[in-house]
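Peer 1: Residue numbers (this note's numbering), protein chains in the order written: chain X, 1 to 226; chain C, 227 to 452.
All residues carry an ideal CB built from backbone N, CA and C; glycine is no exception.
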DNA sequence: CTGGTATGCGAGTCCTGGCTCGCGTCAGGA
DNA sequence: TCCTGACGCGAGCCAGGACTCGCATACCAG
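1. Can residue 135/X and residue 49/X be called in contact, C-beta distance under 9 Å?
2. Could you check where the alpha helix (DSSP H) with residue 79/X kicks off and where it finishes?
3. Could you tell me whether the segment 171-184 of chain X touches the segment 68-84 of chain X, where touching means 3 or more Cβ pairs closer than 8 Å?
4. Suppose you measure from the CA of residue 255/C to the CA of residue 288/C; what does that come to, to the nearest Å?
5. Give the single residue among 105/X, 158/X, 213/X, 87/X whose Cα lies nearest to the Cα of residue 46/X.
6. Thinking residue 211/X and residue 100/X are a contact (beta carbons under 8 Å), I'd like their distance in whole angstroms, please.
7. Going by CA-CA distance only, name the one from 309/C, 321/C, 367/C, 299/C that's closest to residue 340/C.
8. Would you check if the distance between the CB atom of residue 182/X and the CB atom of residue 412/C is smaller than 9 Å?
9. Just the Cα atoms here: how many angstroms apart are residue 353/C and residue 345/C?
10. Along the chain, where does the alpha helix (DSSP H) that runs through residue 291/C open and close?
11. Smallest Cα separation from residue 85/X: which of 144/X, 195/X, 53/X, 217/X?
12. Given a cut-off of 9 Å on the beta-carbon distance, is the pair residue 343/C and residue 324/C in contact?
13. Helix, strand or coil: how does DSSP classify residue 19/X here?
14. Enumerated in chain order, which unbroken segments of the alpha helix (DSSP H) with a length of 4 residues or greater are wholly contained in the segment 144-219 of chain X?
15. Going by DSSP, what residue range makes up the alpha helix (DSSP H) through residue 334/C?
16. With respect to 8 Å, is the separation between the Cβ of residue 249/C and the closest non-hydrogen atom of the ligand ADP below this value?
17. Can you name, in chain order, every residue of its own chain whose Cβ lies under 8 Å from the Cβ of residue 189/X, other than the five neighbours on each side?
18. Which stretch, first to last residue, makes up the alpha helix (DSSP H) that contains residue 136/X?
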């Protein structure tokens, strides 16, 4: 235990366990403290942004002292990481669940339902989404975000591999899933954050068109070389 | 002039002219100094990342004193903004030029050529792209990035409006352009930065499929409701 | 009850880094 | 040549903020 303290030099923040908690809360009291830290940290992030996210500020908002905070988190980044992780897992869970529920189905309705689930998940905490995407340096979340994307990509690839009945050319499902997931993800995020003048159901329609059009795009557009 | 100094309180960084230079360099000597600041700032960004980007560091790398730096830049962010602006304009110019050159053409070859131009522009300075996308807080560049995207979206929308000969349903070109540009942009950026195991020409093929498939996706996938 | 441990405290340390300011130097017009 | 303003210098100011440490208090086992 306490591996973070035994290291001779301070490990870089990219290091795998630089964010590992110092010790586990044993009593109910301390578990409540950790929860308060996370909750208050989230509030600070939402109300004042990442720039104002200082450990003193969080401790103050949580009604505890800075020292207590450092009993369970090795540094400031670990707190942010914990908050973002929880959020990330939420979104990931919702989208993955929506996909798994409809692995048997095919066609526009299925695609639309999944896109809808994604939009809903993002809208639910649009404010935190904004902080994560527009204020945090992306490098910190790169790993977490990649994991989320990979999870969904794997599901989509599996779905494609299973249900390609009547598909003309057997393109690599992993590549197709990569394209599909990244395209849809970015559109969904941007729609929620930038709020362009496009109604929700229009966006859903377009996401369906984009996805199905891409999946069926094998007559005429195939190996078009320059 | 010197509007930044007359303000009673320091303006927030979101303010329109918080990044405006304090004074214009008049003599050749000072113009060279500004260039050196920008060049060294870029180097620091590339070699050590945004975290190490301090004004003292930049001044040191440029071989000038911190004071000189503040003669032309009101604050640290202005230097970063200037560097990113220049880069942003470069990419924007290349993509826009590629589009304009082919406004008359139609079909896979045209789409592929434009996608190729985008990939090339991004690959050219992949290291700076990484810094911009993964280290800078996105909020700072949000405006600049939105401008870039809007410029391309307008071009695409104009192209669509002009060349929709034989298109079945007249969807809103602005919406279609929004979808197309954001989807393709994100895929291109992610491909360059994450380097997934997908060959370059395969990515181009898929981008073409995605775009054309989406544009022609009006049989069967139209108003699919949940 | 009692000793040990887990928890909590918060003033204070210390360092980073943005930014200044008073003073020298240089360039170019008159 | 001289003189004015542009240019440059760099030690240092100062605020903010991450993090500590010695001590008080609360919990729980025996």
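Peer 2: According to the structure shown:
1. In contact: residue 135/X and residue 49/X (Cβ atoms closer than 9 Å).
2. That run of the alpha helix (DSSP H) goes 76-101.
3. Taking 8 Å as the limit for Cβ pairs, the verdict is that the segment 68-84 of chain X does not touch the segment 171-184 of chain X.
4. For residue 255/C and residue 288/C, the distance between alpha carbons rounds to 14 Å.
5. Closest option to residue 46/X, Cα to Cα, is 87/X.
6. No, residue 211/X and residue 100/X are not in contact; Cβ-Cβ is about 18 Å, not under 8 Å.
7. The residue with the shortest Cα to Cα distance from residue 340/C is 321/C.
8. Yes, these two residues count as a Cβ contact at 9 Å.
9. Going from the Cα of residue 353/C to the Cα of residue 345/C covers about 14 Å.
10. For residue 291/C, no alpha helix (DSSP H) encloses it, and the DSSP letter there is neither H nor E.
11. It is 144/X.
12. The Cβ-Cβ distance between residue 343/C and residue 324/C falls below 9 Å.
13. In this structure, residue 19/X counts as coil in the three-state DSSP scheme.
14. Listed in chain order, they are 173-194, 200-215.
15. 334-350 is the extent of the alpha helix (DSSP H) around residue 334/C.
16. Among the ligands in the structure shown, none appear at all, so the ligand ADP cannot be discussed.
17. Closer than 8 Å at the Cβ level, and outside the excluded window around residue 189/X, lie 122, 129, 133.
18. Taken as a continuous stretch (DSSP letters only), residue 136/X belongs to no alpha helix (DSSP H), as it is neither H nor E.
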